[in-house]
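Structure record follows, encoded as structure tokens.
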Amino acid sequence: MDCPKCDTWNPDDKNVCWRCQTELPKPVEKKPRKPMSFLGLPRWAWAALAVMLILWTAAQCFAPALVGGR
Numbered sequence: 016m017d018c019p020k021c022d023t024w025n026p027d028d029k030n031v032c033w034r035c036q037t038e039l040p041k042p043v044e045k046k047p048r049k050p051m052s053f054l055g056l057p058r059w060a061w062a063a064l065a066v067m068l069i070l071w072t073a074a075q076c077f078a079p080a081l082v083g084g085r
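At position 41 of the sequence shown the residue is numbered 56 (the working numbering), and the sequence of numbers has no breaks.
Given below as structure tokens:
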């Protein structure tokens, strides 16, 4: 963390600047992010499932036309 007065770097566990003895601001704790999921599966798994479903549907609809069927 940099000192707001003299711009000197200080370790995060210090309360005052080691050079100018200015009190350092308290570090702000970041909230842990909630994992992106839906019904227990991560979003990338749902995206992969959607792609597989689209490919399967396309194969069922267009495969007969490719091999000479109606």
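Cβ atoms here follow ideal geometry from the backbone N, Cα and C, with glycine treated the same way.
Give a yes or no on whether the C-beta atoms belonging to Met51 and Pro57 are separated by under 8 Å.
yes
Using beta carbons (cut-off 8 Å, strictly below), is Asp22 in contact with chain B?
Judged by its chain identifiers, the structure shown contains no chain B, having just a single protein chain.
Here's the rule: buried if 16 or more other CB atoms are within 10 angstroms of the residue's CB, otherwise exposed. What is Cys76?
exposed
Same chain, Cβ closer than 8 Å to Leu68, five either side skipped, listed in chain order:
none
Thinking just about the alpha-carbon of each residue, which of Asp27, Leu54, Arg34 is nearest to the one in Cys21?
Arg34
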